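Chemist: Those letters in the sequence shown? Residues 0 to 77, per the working numbering, in order. Virtual Cβ for every residue (Gly too), placed ideally from N, Cα, C. If you're wondering where the values come from, they're calculated on a predicted model, not measured in any experiment. Below is one structure. I have some questions about it.
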Amino acid sequence: MSDLERITARRGELDALAAELAKQLQEVQAEREELLVAERVLNRLAEQDRAVTEAAEAAAPVKVQVAGRAVLLIPHPG
């Protein structure tokens, strides 16, 4: 095999490798974008869950002492 044939063959191998790597890079970038969206969704769900928990805690009756007796203090709904 001549030098020119070896160079041509190697260029063909490298071109094929470059095409495969470009395809893999595109797949990786797409997956990273999907993960970014999933991360945002999970953060929003966690924020909503915290807000619901805080609202439930704020609306829950609280035990207090009135004239030495335990009573439930019920928050005003409005």
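Of the residues Ile73, Leu20, Glu19, Val65, which one's Cα is nearest the Cα of Ala55?
Modeler: Here residue 55 is taken as the residue at index 56 of the sequence shown, counted from 1. The shortest C-alpha separation from Ala55 is found at Ile73.
Chemist: Identify the residues that DSSP records as bridge partners of Ala69: which are they?
Modeler: Residue mapping note: residue 69 aligns to position 70 of the sequence shown, counting from 1. Partner(s): Gln64.
Chemist: Can you grab the Cα-Cα spacing for the pair Val70 / Leu44, in whole Å?
Modeler: In the sequence shown, the residue the question calls residue 70 occupies position 71. In the sequence shown, the residue the question calls residue 44 occupies position 45. Spanning the two alpha carbons is a distance of roughly 35 Å.
Chemist: Between which two residues does the alpha helix (DSSP H) carrying Ala8 extend?
Modeler: Looking up residue 8 in the sequence shown gives position 9. Segment 2-58, the alpha helix (DSSP H) holding Ala8.
Chemist: Out of curiosity, what's the CA-to-CA distance linking Ala34 and Ala17?
Modeler: As a position in the sequence shown, residue 34 is number 35, starting the count at 1. As a position in the sequence shown, residue 17 is number 18, starting the count at 1. Sequence inspection shows Leu at residue 34; the Ala mentioned does not correspond to that position. In a straight line, the C-alpha of Leu34 is about 25 Å away from that of Ala17.
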